[in-house]
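Visitor:
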Amino acid sequence: MIGLQHYLIVSAILFAIGMAGLILRRNILVIFMSIELLLNATNLSFIAFSRFRGDMGGQVASFFVIAVAAAEAAVGLAIVIAIFRNRGTVKINELDLMKN
Amino acid sequence: MESILFYIFGGLTVATALGVVFFRNPISSAASLVLSFFGIAALYAMLNAHFLAVIQVLVYAGAIMVLFIFVIMLLNLQADELHEKPFPKIYLLLTGLVLLAFLFAFAQLFQSAQWIFPPISESFGSIKAVGRLLFTEYLVPFEYSSILLLVAVIAGVVLAKKEL
Amino acid sequence: MILILAKILVPFLIIFNIIPVLIWLERKGSAYIQDRRGPNRASLFGVIRLGGMIHSLADVIKLLMKEDIMPARVNKFFYVLAPFTAMTVACMTFAVIPFAAPMVWEGVNFSFQAADLNAGILYILAISSLGVFGIMLAGWSSNNKYTLLGGLRSSAQMISYEIVMSLAIISVLMMGGSLELSKVVEDQSVNLLHWNFVRQPVACLLFTVAMFAETNRLPFDLPEGESEIVAGYHLEYSSMKFALFFMAEYANMIIASAVISSLFFGGWQIPFASTDFLRAHAGEVLKILLVVLAIGHLCAGLGLVKRGRKNIKAKKWGDRGDYEALILGMGALGGAFLLAGISAYIWPLIFTAKASLIITAVLQVGCFLTKVLFFCWVFIWVRWTLPRFRYDQLMKLGWKYMMPVSIINIFATGAVMLVK
């Protein structure tokens, strides 16, 4: 029988994979994609709990997370385009103007 | 039947999420992420959140990932290497073992029956229920998120312009 | 289980079989619009030409037999994946479109949709958003600057017009009150003045134009019309993969027509015959239909036989194609006798309740398919009538003119609903 624990474990695995991608990769766009994975993992958690408790508030929270993620992706990618136009690279260890 | 579907979709989601992190070509990562979103939408549908499953496909897989792939193609990014120094494989092995230990611990802990999903009404997760909540209890965040999206649109246009 | 598989397979087969008809319609229709004859040479056994329909079969054979080129240094996985994505996504949309009114067969509710989703129209919008992927991946993986630009332009166009599509649908939903496509179709009762193209004319026009842009048809043809000038996103594709793109375009057209006719033109509703009326009088309706069809076959058969004898005597084309009209005419006469015989013989059998359910369903499916084919003809007609938009004109139209108009339409609909 599939219970709440199954969905929570999947959510935890996705979160861990997202964190790994965030730390291991150097390409800014792949880092963005890992952030989207993190957000989706938390969404899955929200919805699993909402189904478990019969409370629709979890789904509404998930809806807002999706909306905010869309806004963040749009602005973040615009910044990436501006950075690429100015610096010519998207590898984060070459974007180190603020390092001492 | 339900457990077979859960394992299939859960496995698809986790496998393609691993693909996001470990593919060298950014477009392969993006396509992998799209499949991952499909898997997550299927999991939402199994959790009776039908409206959110369709919204997940529409917004995430259909709009955000299109934007990502658009930017990758525009900037014409090539495949890059994962690490400069050779990565000590022993760290991966240790991490994997620790994770497996955690998973077994969780699985043992959560065997009790109180985590089974209770039966739910037919209109749970329908668009009517979500809409009703959005316009009564959660009206203020709804209006704020509309302003947020407007700001995001303007910011996107301004930041990516060639000259202001 | 078998029922679900049948419900999935039948719409897919319907699309697959309408595509050759659309190819023929496009070539003959465009030819007559341009005051020429169009293809009429390919024939079966030298005799059957069917006014050029055999050319679709010849096209299929040609596309299968061509050499399958894979250019150097393409990304092989995405190069092969892109046409499959385009075709799959095009066929997935047919799951939520209702073909006929739901019926109660032996106590079980049987709906003529593969999936009666709660959020039916949102599913169609979601799947249309996925259609962008096939084009983008095709343009990018071909290792060609021009296909990349073509793919990017096409995807930008498609996502711009998705917004107009969604906003136009919202005003229809406000009147219908439900997202389920079956309810939207039922809400437009048989009264012609209740159909959504009368209640929401602006939304109908906006949605149709947005669908033209979504399916990359003229006048929004720039991503693939460029192939006549420089390149399109399917430049580097040959034989079967190109055939898949080709078929995916026609499948998208069929789906656009199906959605337009379901949302705005009453779907499976026959104009003056409601479902209950048809079920009560199914027998008489079927008999009248069979008699009319028999008379039609008789007239067509006599005309064709007369023309056939004239062709043979005058040796019109000089080869075996002269005999075609005679053979088709005799076939039509045979069909007339068959239909007359059926209408006389099965007359006592059609008064059962189950048979009337089947007859009603068949008539409604026929009405729906007629509407779909009519809108496909409108797509083809417009293609050969209007010139192509330039890219900046296209984007200006989508963002600066159509989006504000659709938002104003939502406000106006809301205001009218509030007043009533």
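Protein chains in written order, with this note's numbering: chain A, 59 to 158; chain B, 49 to 212; chain C, 2 to 421.
The beta-carbon is built from N, C-alpha and C at its ideal position, and this holds for glycine as well.
#1: Under the three-state reduction of DSSP, which class applies to M104 (chain C): helix, strand or coil?
#2: What residue from C:I20, C:I122, C:G267, C:V173 has the CA that sits closest to V366 (chain C)'s CA?
#3: Under 8 Å, Cβ to Cβ, is there at least one residue of chain C near M94 (chain B)?
#4: Could you name each continuous alpha helix (DSSP H) segment of 4 residues or more that falls completely within the stretch 87–159 of chain B, going from the start of the chain to the end?
#5: In terms of residues, what are the limits of the beta strand (DSSP E) holding F111 (chain C)?
#6: Suppose the cutoff is 8 Å on Cβ atoms and the five residues either side in sequence are ignored; what does the same chain contact list for L303 (chain C) look like?
#7: Looking at the unbroken alpha helix (DSSP H) that takes in N410 (chain C), where does it start and where does it end?
#8: Can you say whether T386 (chain C) is buried or exposed, counting buried as having 16 or more other CB atoms within 10 angstroms of its CB?
#9: Quick one: does I175 (chain B) have its CB under 8 Å from some CB of chain A?
#10: For G30 (chain C), I'd like the list of residues in its chain whose CB is within less than 6 Å of its CB, leaving aside the five on either flank, ordered along the chain.
#11: Below 8 Å, can you find three or more Cβ-Cβ pairs linking the stretch 388–406 of chain C to the stretch 123–135 of chain C?
#12: Between M1 (chain C) and the rest of its own chain, which residues show a CB-CB distance below 8 Å, the 5 nearest in sequence each way excluded?
#13: Near I271 (chain C), which residues of its chain fall below 8 Å by C-beta distance, leaving aside the five closest residues on each side in sequence?
#14: Against chain B, with Cβ distances strictly below 8 Å, would E152 (chain A) count as a contact?
#15: Answer yes or no: the CB of I75 (chain A) versus the heavy atoms of the ligand FAD, is any distance below 7 Å?
#16: With 16 other CB atoms within 10 Å as the buried threshold, where does W196 (chain C) fall?
#17: Would you mind stating whether T414 (chain C) and M175 (chain C) have Cβ atoms separated by less than 8 Å?
#18: Hey, is I9 (chain C)'s beta-carbon within less than 8 Å of any beta-carbon in chain B?
#19: Tell me the DSSP secondary structure of N18 (chain C) in three-state form.
#20: Which one of C:L126, C:D69, C:N18 has the shortest CA to CA distance from I103 (chain B)?
#21: Between G47 (chain C) and G151 (chain C), is the Cβ-Cβ spacing less than 8 Å?
#22: Which of the three DSSP states is assigned to G149 (chain A) in this structure?
#23: Give me the chain B residues within the contact set of W141 (chain C), using Cβ-Cβ distance strictly less than 9 Å, ordered along the chain.
#24: Considering Cα atoms alone, identify which of C:N312, C:A43, C:K242 is closest to P84 (chain C).
#25: Alpha carbon to alpha carbon, how far is V206 (chain B) from V471 (chain C)? Give it in angstroms, no decimals.
#26: Using 8 Å as the threshold, is the C-beta distance between A214 (chain C) and F221 (chain C) below it?
#27: Kindly say whether F57 (chain B), judged by its beta-carbon, lies nearer than 8 Å to any beta-carbon of chain C.
#28: What residue from B:G204, B:A90, B:L187 has the CA that sits closest to Y55 (chain B)'s CA?
#29: Buried or exposed, going by whether 16 or more other CB atoms sit within 10 Å of the CB of T184 (chain B)?
#30: Find the nearest neighbour of A111 (chain B) within the set A:E130, A:A140, A:N101, judged by alpha-carbon distance.
#31: Within a Cβ cutoff of 6 Å, which residues of the same chain sit near F190 (chain B), ignoring the five residues on either side of it in sequence?
#32: What residues match up with A274 (chain C) in a beta bridge as DSSP calls it?
#33: Going by beta carbon distance, what residues of the same chain come within less than 6 Å of E250 (chain C), once the five residues before and after it are set aside?
#34: Within 10 Å of its beta-carbon, does S357 (chain C) have 16 or more other beta-carbons around it, so buried, or fewer, so exposed?
#35: Kindly confirm or deny that the stretch 107–124 of chain C and the stretch 92–103 of chain B touch, where touching means at least three C-beta pairs closer than 8 Å.
#36: From the beta carbon of Q104 (chain B), is the nearest beta carbon of chain A less than 8 Å away?
Guide: Looking at the coordinates:
#1: strand
#2: C:G267
#3: no
#4: 98–103, 113–123, 137–157
#5: 109–111
#6: G330, L334
#7: 404–420
#8: exposed
#9: no
#10: I381
#11: no
#12: What is shown of chain C runs 2 to 421, which leaves residue 1 (chain C) out entirely.
#13: V191, L279, L364, Q365, C368
#14: no
#15: No copy of the ligand FAD occurs in the structure displayed, which carries no ligand at all.
#16: buried
#17: yes
#18: no
#19: helix
#20: C:L126
#21: no
#22: In the sequence as presented, Gly is not what sits at residue 149 (chain A); that position holds Lys. Correct three-state label for K149 (chain A): strand.
#23: I75, I117, I120, M121
#24: C:K242
#25: Because chain C in this structure spans residues 2 to 421, residue 471 (chain C) falls outside the shown range and cannot be described.
#26: yes
#27: no
#28: B:A90
#29: exposed
#30: A:E130
#31: L182
#32: C:I271
#33: none
#34: buried
#35: yes
#36: yes
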